[in-house]
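If you read the sequence shown in our numbering, its first letter stands for residue 36, the second for the next number, and so on.
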Amino acid sequence: MTTDYIQHEDAAKQPKFFGIRIKKDKPPLKRRVPLELTRNNPFVDGTQDMFDVLAQHSWGDINVHKKTANILQKAGQTISEAEEKLSRQNKRIKMLERLNPTDELTGLYNRAGFELVFKRELARTKRHQEHAGILVLIDIESYDSLKAKEGRDAAEAGLKLVAKILADEIREMDVAARLSEHEFVLLFTNTAADKVVDRVQKLALRINNLSFIWKKQEVNISASLGLRSYGPQDNLSGLFKSEGKAGKTP
Numbered sequence: 036m037t038t039d040y041i042q043h044e045d046a047a048k049q050p051k052f053f054g055i056r057i058k059k060d061k062p063p064l065k066r067r068v069p070l071e072l073t074r075n076n077p078f079v080d081g082t083q084d085m086f087d088v089l090a091q092h093s094w095g096d097i098n099v100h101k102k103t104a105n106i107l108q109k110a111g112q113t114i115s116e117a118e119e120k121l122s123r124q125n126k127r128i129k130m131l132e133r134l135n136p137t138d139e140l141t142g143l144y145n146r147a148g149f150e151l152v153f154k155r156e157l158a159r160t161k162r163h164q165e166h167a168g169i170l171v172l173i174d175i176e177s178y179d180s181l182k183a184k185e186g187r188d189a190a191e192a193g194l195k196l197v198a199k200i201l202a203d204e205i206r207e208m209d210v211a212a213r214l215s216e217h218e219f220v221l222l223f224t225n226t227a228a229d230k231v232v233d234r235v236q237k238l239a240l241r242i243n244n245l246s247f248i249w250k251k252q253e254v255n256i257s258a259s260l261g262l263r264s265y266g267p268q269d270n271l272s273g274l275f276k277s278e279g280k281a282g283k284t285p
């Protein structure tokens, strides 16, 4: 603030006195620092990117060109559209997996394919009042340890060997499938447990004698097998829940 002392012009008619006029100093202009972002320097201060700055300050506080704002808006829209497209693609992939009845690794039926086959089998036995059949549940017990020690590729190589054995064992009317990561199932139709026990025991012996060479070392496969009879009144989920109650063959 400054003070000016002035004298009246008509000094003859009026007594001499000095008036005081107060002037308010104008505040200094706030210097605007332009915001410069380049490919090599995309961050404002090393920790905040452009979107962080925009969230903390109003547009008036940052000298951002209108064209830059439009570009950012379009970029956000593009990202949103890409995420939505990716979500649709993932849903489509899952749908195709459900429609595809074959397990890619082994060439056997996958779980979805087996469920369809088993439902048709149950409907057939109910319709014709025929003898149902036997489910043989196979758990590759060596899978987890082999995967942890040698990796997924080695463990999956063992699964392929097992799948080949199962495909060789089934009749034309039977079905082999991979239910989960290391579980398989055989569907023996129109038969009874006493007619397949010997066959399942031989199969168990054959699988447990399997071995292969991996990185110049012999790898052994171990598995357990369980038998479960089914009838027209059964369903797949109920049979699998009672899997632990089925008789197992080591």
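Even for Gly, the Cβ is constructed at its ideal location relative to N, Cα and C. This structure is a prediction, so every number in the text was calculated from the model and none was measured.
About 19 Å separates the beta carbon of L196 from that of V210, a gap too long to meet the 8 Å contact definition.
Proximity to S246 across A189, L121, M208 and L262 peaks at A189, based on C-alpha coordinates. R159 has its alpha-carbon roughly 19 Å from the corresponding atom of G273.
Contact annotation, G193 with Y178: C-beta distance approximately 7 Å; criterion of less than 8 Å satisfied.
E253 sits in a strand when the DSSP states are folded into three classes.
Within a 10 Å sphere around the beta-carbon of E118 sit fewer than 16 other beta-carbons, which makes this residue exposed. Exposure of D203 is indicated by the presence of fewer than 16 other C-beta atoms within 10 angstroms of its C-beta. Membership of L221 in the beta strand (DSSP E) is indicated by the continuous run E218 to T224. Taken atom to atom, the span from the alpha-carbon of G261 to that of T226 is near 16 Å. By alpha-carbon distance to V171, the top candidate from N243, A228 and S122 is A228. As DSSP reads the structure, I173 sits in a beta bridge with F219 and L260. Between the alpha carbons of K161 and P267 lies a gap of roughly 5 Å.
The Cβ atoms of A258 and I205 lie no closer than 9 Å to each other. Under the three-state reduction of DSSP, R213 is assigned to strand.
Look at I205 here: in three-state DSSP terms it is coil, with no helix or strand label.
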